[in-house]
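Inspection log for the structure reproduced underneath, given as structure tokens.
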Amino acid sequence: MNDTFEDLYKEFMVYVDKDDEEGARKFLLDNFQKFPEDIQDKLTFAFFEEALLDETKGMKDIADMQKQGLEALSQIDKVKKILEDKKKIEDLRSNLTK
Amino acid sequence: MVKKGIFTAPIRLEVVLENEGSTIAVKKDSKVEKMKIKNGELNVTFAETSARNTPTDLSTLQNGENSDKVENTNMGILDSLRQTKHASEKGRDNVTPPPKGESLAEILKDQKKSDLFGEMLGKSGHEEIALKIVEKRLEEEDLAFLESARQAFLEKMARAEELEKWVNKENVLALAKNHPGFQIVVNLVGLERAVKVIQGQFKKLAIEDEEAFENLAIGIETYEGFKGGKYKARNEETEKMLKERNIKVPEYEEAMKIKDEKKRKKALRVLARKSFGKFRKAVDLITFYRSSKKMAGNLEETGELNKATVAELDNYQDDILATLYSSMNNQSVRDTIASELMGEKTGESGQEQKVGFMDAKKVGPESFDEAKYLSDWEAEKAKTNFGSSDPAQQAAIRDRFQVQQKQAHQEQNKKKGFWRSFFAGLWEKTIDDKKNILK
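Protein chains in written order, with the working numbering: chain E, 1 to 98; chain S, 99 to 537.
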């Protein structure tokens, strides 16, 4: 590690030691161009990886979950309608027998 | 100097055969020539009965004519050997169809590919073969394995190239639009360079970290699936249904008002987890009744569901709607639900699979143990006869050692995530910088 990088790394580690994730992320972005090119490349790829995985995280699982939810709601609607109809019939019957 | 085995170096290296029965094989115009000492004399015989193969060919090689060609096919002898072996095994003429894709010679001729190929061999536990390539002492028996390794390598490279193609300006911009950090990086390095840098990582990743590579491949496939409308339609259907029912979930709306980002995300995650638990129960119950045909038309005949009141069903409905609502409205809620869903599959929370911020530093430069690094190096030197190797071989042994060290580090730190990626990258930089202390 060269001196500049050593210094940057030390500064960066202050955030890490404080468990300040947001601060550390901000530091990396604010000082991005001060880092050596190979580190810039690694950071670029790490951000890309995160952007892609965040964007697609659970996309399929959530779509499947939505499908299950929509199907279940449709079933509930049907059941509710049957129950309501049944109740209406019972009410009507009881009114008639009064 | 007497050496046994197949010489993969250019034939212009001075080789003197002293023992009877010693042989060397030389590639010349894609054909194999053999020399043998018999009765104290050097006889040259040819694997192919071609009129062009005369001792003159050998002398031209030794005199340096065609030397460019020979040097450029440093490992081409492997392909020739493969032809010879194939011909003798099949008992027919030795014209073997050329292998599909790049030949081993071509792979090894390209420094980057050669390094990756060596890395792949090492990673799959075939260090000995990798070392044989480095020390140019491959034997005929190694060829079958090398052929399968070549094919595996080409498959990985082809797959990496597919992903590289996906990384274009349009897709990078689309991702950057939804990720503020990545957006800043793309603005700083420029779109064109960002695309180039990202593309440049895939082949390396395909060999060095298969798991990370697979995750990205799945991510890209999913993204494409969404773009192609496969999942988008479901999202739109859900959104439409929620609008029609004019759904509002006060708890979420309250949580969304929290100004502190950290606290807001936390509150939303807690709600999402709670809501998802209820959703799962409701859906499972409804699905159970449906699958056991106790619902709909047969409802009146079922004792169990008759007990379900409209109010109870409304509760189930609310639980389902709350989760569907949250799945539409906030990324951190989606993340939580995705983690819960992932947890259902893996038996652990998706969040736990990631390396946390504090944990990640354990894979960073601080974890580099120089004393162990140097003692491993001494062991490697002893194992590889480093001292008696020529400078080129020593350089190759050093490179291979570096690769082994990186692999060992990766094996110990398989978890993923941004910070792991970043710290592991720093660790690799540290070890790259340390290479010059390997004496």
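Cβ atoms here follow ideal geometry from the backbone N, Cα and C, with glycine treated the same way.
### Query
Does the distance from the C-beta atom of S/Lys-371 to that of S/Glu-290 stay below 8 angstroms?
The sequence as given places Arg at residue 371 of chain S; Lys does not occur at that position. Contact: no.
### Message
Under 8 angstroms, Cβ to Cβ, is there at least one residue of chain E near S/Val-347?
### Response
no
### Message
Our contact map puts S/Ala-436 next to S/Ser-373 with C-beta atoms below 8 angstroms; I'd like the distance itself, whole angstroms only.
### Response
That belief does not hold up - the Cβ atoms of S/Ala-436 and S/Ser-373 are roughly 14 angstroms apart, past 8 angstroms.
### Message
Please report the distance separating the alpha-carbon of S/Ser-222 from that of E/Gln-75.
### Response
52 angstroms
### Task
Find the residues of chain S that neighbour E/Gly-23, judging by a C-beta separation of less than 9 angstroms, and give them in chain order.
Ordered by position in chain S, no residue passes the 9 angstroms Cβ test against E/Gly-23, which lies about 10 angstroms from the chain.
### Task
Kindly say whether S/Leu-206, judged by its beta-carbon, lies nearer than 8 angstroms to any beta-carbon of chain E.
no
### Query
Checking contacts by CB at 8 angstroms: is E/Glu-84 closer than that to chain S?
yes
### Message
Check whether chain S comes within 8 angstroms of E/Val-14, counting only Cβ atoms and requiring the distance to be less than that.
### Response
no
### Query
Would E/Lys-80 count as contacting chain S if we go by Cβ distances under 8 angstroms?
yes
### Query
If we ignore side chains and look at the alpha-carbon of each, how far apart do E/Phe-27 and S/Leu-206 end up?
42 angstroms
### Query
Closest by CA to S/Ala-304, which one among S/Ala-256, S/His-224, S/Gly-279 and S/Thr-336?
S/Ala-256
### Query
Are S/Glu-268 and S/Phe-300 closer than 8 angstroms when you measure CB to CB?
no
### Message
Can you find the residues in the same chain that come closer than 7 angstroms, C-beta to C-beta, to S/Asn-413, ignoring five residues on each side of it along the sequence?
### Response
none
### Selection from S/Thr-528, S/Leu-536 and S/Lys-532 that minimises the alpha carbon distance to E/Tyr-9
S/Thr-528
### Message
Assess contact between the stretch 75 to 84 of chain E and the stretch 328 to 344 of chain S, defined as three or more Cβ pairs (one per stretch) separated by less than 8 angstroms. Is contact present?
### Response
no
#### Entry: Of the residues S/Lys-211, S/Glu-200, S/Glu-226 and S/Glu-204, the one placed nearest S/Ile-495, counting alpha carbons only
S/Glu-226
### Task
Verify the CB distance criterion: does S/Lys-527 have a CB-CB separation below 8 angstroms to chain E?
yes
### Message
Contact criterion: CB-CB distance below 8 angstroms. Does E/Asp-91 meet it with respect to chain S?
### Response
no
### Task
Could you list which residues in chain S have their beta carbon closer than 8 angstroms to that of E/Glu-11, in chain order?
Those do not exist, as E/Glu-11 stays about 14 angstroms from chain S at its closest Cβ, beyond 8 angstroms.
### Query
Just how far apart, CA to CA, sit E/Glu-6 and E/Leu-52?
30 angstroms
### Task
Could you check what DSSP says for S/Arg-291 in three-state terms: helix, strand or coil?
helix
### Task
If I'm right that E/Ala-63 touches S/Tyr-350 with Cβ under 8 angstroms, what's the distance once you round it to whole angstroms?
At roughly 20 angstroms, the Cβ-Cβ gap does not stay under 8 angstroms, so E/Ala-63 and S/Tyr-350 are not in contact.
### Query
S/Leu-273 and E/Phe-48: beta carbons closer than 8 angstroms?
yes
### Query
Roughly how many angstroms lie between the CA atoms of S/Lys-341 and S/Asp-467, to the nearest whole one?
58 angstroms
### Message
For S/Ser-128, which residues in the same chain have their Cβ closer than 6 angstroms to its Cβ, ignoring the five residues on either side in sequence?
### Response
Note that S/Ser-128 scores a pLDDT of 38, beneath 50, so its modelled location is shaky; the value from the coordinates is reported in the next line. For S/Ser-128, where only same-chain residues beyond five positions count, there are no Cβ hits under 6 angstroms.
### Query
Can you list, in chain order, the residues of the stretch 291 to 320 of chain S whose Cβ is nearer than 9 angstroms to any Cβ on chain E?
Arg-291, Ala-292, Val-295, Ile-296, Gly-298, Gln-299, Leu-303, Ala-310, Asn-313, Leu-314, Ile-316, Gly-317, Ile-318, Glu-319 and Thr-320
### Task
Assign S/His-507 to one of three DSSP states: helix, strand, or coil.
helix
### Query
Counting pairs of Cβ atoms below 8 angstroms between the stretch 20 to 40 of chain E and the stretch 279 to 286 of chain S, do you hit three or more?
yes
### Query
Does the separation of the CB atoms of S/Phe-521 and E/Glu-50 fall below 8 angstroms?
no
### Task
Using beta-carbon positions only, say whether E/Lys-42 and S/Gly-523 come within less than 8 angstroms of one another.
yes
### Query
By the criterion of Cβ-Cβ separation under 7 angstroms, what are the contact partners of S/Ile-384 in chain E?
Ala-72, Gln-75 and Ile-76
### Task
Check each candidate in E/Ala-72, E/Asp-91 and E/Lys-98 and name the one with the smallest Cα separation from S/Ile-384.
E/Ala-72
### Backbone secondary structure at S/Gly-485 - three-state DSSP
helix
### Message
Rounded to whole angstroms, what is the Cα-Cα separation between S/Phe-324 and E/Lys-67?
### Response
15 angstroms
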